[in-house]
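Below is one structure, written out as structure tokens, with a few remarks after it.
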Amino acid sequence: MMANGLMQIADLAYVRAEAKQALPTTVHLLELRRTEDQQGGYTEAYVLAYRDVPARLAEMSGKELEQSSRLDVDASYMLTVAWDQAIDAAMRVQHGETVYAVAFVNAGRSYDTARRAMLKRLD
11 MMANGLMQIA
21 DLAYVRAEAK
31 QALPTTVHLL
41 ELRRTEDQQG
51 GYTEAYVLAY
61 RDVPARLAEM
71 SGKELEQSSR
81 LDVDASYMLT
91 VAWDQAIDAA
101 MRVQHGETVY
111 AVAFVNAGRS
121 YDTARRAMLK
131 RLD
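For what it's worth, my numbering labels the leading residue of the sequence shown as 11, then goes sequentially.
In structure tokens:
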């Protein structure tokens with residue numbers, strides 16, 4: 011299976027396919043779009059870029075904070091998607107009614123079998 015300690019192309023393809031099958035839920039990925047406002051400026055909005063992306067969403071840490079009689083949640087989440095799914099730090103992730111900001115994406119590794127992104131929940 012492995013020659014000279016390196017993973018063969020067929021083995022990597024198999025592992026990537028298996029990793030994609032292990033993603034139990036779906037999310038929508040949103041991209042930032044800027045539209046000119048006819049006054050020299052623009053408006054920003056997040057629009058659907060990828061619908062029903064297979065994913066795994068896991069809470070990494072979290073706590074509830076009460077500030078000015080308002081309950082806030084400060085939590086970090088890890089999103090796992092297929093190794094070739096387009097995602098970057100300018101995007102948003104929607105899971106059900108909850109939206110997350112992408113804080114970091116691991117990308118550019120030669121033997122990636124999945125792509126992971128750190129998320130922050132937006133309220």
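C-beta atoms are modelled at their ideal positions from N, C-alpha and C, and glycine is treated no differently.
Next item on the list: Report buried or exposed for I19, applying the criterion of at least 16 other Cβ atoms within 10 angstroms of its Cβ.
Entry: Mapped onto the sequence shown, residue 19 falls at position 9. Under this definition I19 is an exposed residue.
Checklist line | CB-CB length for L129 against Y87, believed under 8 Å | finding: As a first step, residue 129 is located in the sequence shown; it is residue number 119 there, counting from the start. As a first step, residue 87 is located in the sequence shown; it is residue number 77 there, counting from the start. Between L129 and Y87 a beta carbon distance of about 4 Å is seen, short of the 8 Å cut, so the two are scored as contacting.
Check: Do A124 and A92 have their C-beta atoms closer together than 8 Å?
Finding: Within the sequence shown, residue 124 is the residue found at index 114, counting from 1. Within the sequence shown, residue 92 is the residue found at index 82, counting from 1. It is a contact, given that the beta carbons lie within the stated cut-off.
Next item on the list: Flag this pair as yes or no: are the beta carbons of L89 and A65 separated by less than 8 Å?
Entry: The residue given as residue 89 occupies position 79 in the sequence shown. The residue given as residue 65 occupies position 55 in the sequence shown. Going by C-beta atoms, L89 is nearer than 8 Å to A65.
Item checked: alpha helix (DSSP H) segment containing Q31, residue limits -> Walking along the sequence shown from the start, residue 31 turns up at place 21. Note, Q31: alpha helix (DSSP H), I19 to Q31.
Checklist line | Cβ distance (whole Å) where V63 is taken to contact H38 below 8 Å | finding: Locating residue 63 in the sequence shown gives position 53, counting from the first residue. Locating residue 38 in the sequence shown gives position 28, counting from the first residue. That pair is a contact at about 7 Å.
Note to self: Below 8 Å on the Cβ atoms is my contact criterion, and I expect R44 with Y52 to pass it. Report the Cβ-Cβ distance as a whole number of Å.
What the structure shows: Here residue 44 refers to the residue found at position 34 when the sequence shown is read from its first residue. Here residue 52 refers to the residue found at position 42 when the sequence shown is read from its first residue. So it is a contact: roughly 4 Å between Cβ atoms.
Notebook entry, point to check: Should Q68 go down as buried or exposed, given a rule of 16 or more other Cβ atoms within 10 Å for buried?
Noted result: Here residue 68 refers to the residue found at position 58 of the sequence shown. Correcting the residue type first, residue 68 is Ala in the shown sequence and not Gln. A68 is exposed by the Cβ-count criterion.
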